[in-house]
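The opening position of the sequence shown corresponds to residue 1 in full-length UniProt numbering, with each subsequent residue numbered one higher.
The C-beta atom is built at its ideal place from N, Cα and C for all residues, glycine as well.
A quick note: this is a predicted structure, and the numbers were derived from the prediction, not measured.
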Amino acid sequence: MRVELKPITSYDYHSLRQLPMFVGLLAPLCVLLSIPPISGSWSSDEFISNIRDFQDNSAILTLLSIGIICLLFGNLALLFRFLERWVIISTLCSVFGYFMNFALTLSAILYFRFTFVIEDGKKLSGEYYAAYASCAISFTIALFLVIDFFRNNHLRGRGSGLSKQQRVLVFMALVVAIWAVLGALVYGKLQGWTFTRGIYFVLVTSTTIGFGDFVPKTSASQAFNIFYASIGIIMMGMFIAFIRSVILEYFQNKYYLKLENMADSKLDNLAHSDFRTSMDEKELNALNLTTDKIHVKTSEEHEMELQNAQFKQYVRQLRFSTLAMVIFWVLGAALFSWVEEWDYFKAFYFCFISFTTIGYGDISVTSFPGTVIFCVYVLVGLATMAYFISVATELFSFVIDRNSDIVEIKRKILTNSNENLRSKDLDSPIGDPKRDFALVEALELDTGNEREDLIQKLLSMTEFYHKEVQHFVKSLSDANDLYNGKKDPKNSALLQKFQKYDKLYAQLIQISQSKLKDPNACNIRIEIDSPPAVFKSPEIHQQSEPRRIPQIRQGPTVQLYKTYITPPS
């Protein structure tokens, strides 16, 4: 079984950021919480009412209406940003829209508090507290966008900050939010429910929990429910699936970065240990002394090492998903126990019945805060449960596949086969850690014939180095075109990695020259030019003209070595 890695581009490594992901998930929630304040009274006899009662104060209605318009404008601008269209302008427009919604909603809250007096026997309604939540989330989104803007060079060349999977998740969240709003408005009209109660019914239906505490009773609402639920269940399933995909992608990226660190560590060890051992061995040979052979890892051993790393990553995912699910249920039980005045076990039982979508209907929330908490909690709770099940399933499948091939891998290790050391992995995509592992394997070649091994190492290193130079120059050229001559954030990573290759190549050339200068020691005469110090040239960072690139590519990288082989006497 080969360990397959999903290639991750340099853009993914250096441009993915967490703040845009949080913004994308908070935006639909902000929309959902901005509608209740304008759709019902801010004071009531009960904490939640089933009768729709619109706020009749013109000043508050005006402030909230303009705020929602600004919020929709900010969401539209955010959508363009995530589509990689006019990222900088879209971000600034989005900040303006969310900040205006925050300011206008806060103004409505302050106007209400200082102007109106709550009558005896009444208290502030859930719609009033939803205004606070909408205000807080709008400010948080605007703040995150501002921080991301200034932290990343005003977003010049940095893109939206989301991967393809993350963008799909954000769009899916927005679609689910819009569908929920439409459903809540229609059910509110047909059944006479508040917007909050409509959202609750929509989520209970779309997640297939089906408590049964609220049901459509008229023929029109039942007919609409057949159409609405059919589409809503599919949307909710896709949304939860994309949440799982994004979480798995996050762990996969961490695993891939760990492989890169492993490869870099092997290159460092090879440069600082193995090559020095070769030089020491020359001196010992001159004194007719010998050294013990250093064990050379084969490709099968590298494969087992990668499999072990992947297995550990799956175990970490399982621990994380289990811990997240338990913490989520424990905290959820505490919240529902508090707002619904249940005992803790009853609240925990409710969480289990809800997040596993069993939904017996014997227990359900009744208060407004309980309804709001449930609407938010149910989405994350289902995603957590789905993530736990998927990780457990993948780990089980991986263990079966791994154990089925482990005997074959060990057999290959015992044969210590060194076939095709100029591995096809050297032709894998540039930047793949498997290229580094293949390079290490080629440079650790030890067949017992030092001269032939040295020739093979030179050929492998030269082929590898030539491809890396081409990739390196092209990357710098593309970065200069993208950044208009400004510093590319991924240049430093490229430079550090290329310096390792350059150091290895220079040491290999030095060893080759010292070992093969004596014509009596070998019938092979090698004349090798020193590797071009491409990474040291400041001109590459400064030049962005297209005409500069052919000159660099046709430079010394084309003539990295000259080899003349004469037949033995």
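N- and C-terminal bounds of the alpha helix (DSSP H) containing residue i
i	result
T208	Run containing T208: none; DSSP gives neither H nor E here.
F352	Y344 to F355
L25	Q18 to S34
DSSP bridge partner residues for residue i (one or two, in chain order)
i	result
L169	Note: L169 sits in no beta bridge, so no partner.
L124	S43
Burial state of residue i, where buried means 16 or more other Cβ atoms lie within 10 Å
i	result
G183	buried
T218	exposed
W86	exposed
G192	exposed
S361	The question names Ser, but residue 361 in the sequence shown is Gly. Result: exposed.
F336	buried
D343	exposed
T207	buried
F239	buried
V339	buried
G212	exposed
K457	buried
A347	buried
S160	buried
Y256	buried
Q18	exposed
N319	Reading off the sequence shown, one finds Arg at residue 319, where the question assumed Asn. Answer is exposed; the Cβ neighbour count stays below 16.
N153	exposed
L33	buried
R151	exposed
R167	buried
P20	buried
L110	exposed
I400	exposed
Q317	buried
Q222	exposed
F345	exposed
L203	buried
Which of helix, strand or coil DSSP assigns to residue i
i	result
G67	helix
N152	coil
V215	coil
E341	coil
V176	helix
A377	A quick correction: the sequence has Tyr, not Ala, at residue 377. The answer is helix: DSSP assigns Y377 an H, G or I state.
N57	coil
T366	coil
Y360	coil
A321	According to the sequence shown, residue 321 is Ser rather than Ala. In the structure shown, S321 sits in a helix (DSSP, three-state: H, G or I).
G192	coil
S163	coil
heavy atom of the ligand NAD below 6 Å from residue i C-beta
i	result
A324	For the ligand NAD, the structure offers nothing, since it holds no ligand at all.
Could you give the uninterrupted runs of the alpha helix (DSSP H) lying entirely in the segment 73-118, keeping only those of 4 residues or more? The segment 73-118 contains, as complete alpha helix (DSSP H) runs of 4+ residues, the segments 87-115 (chain order).
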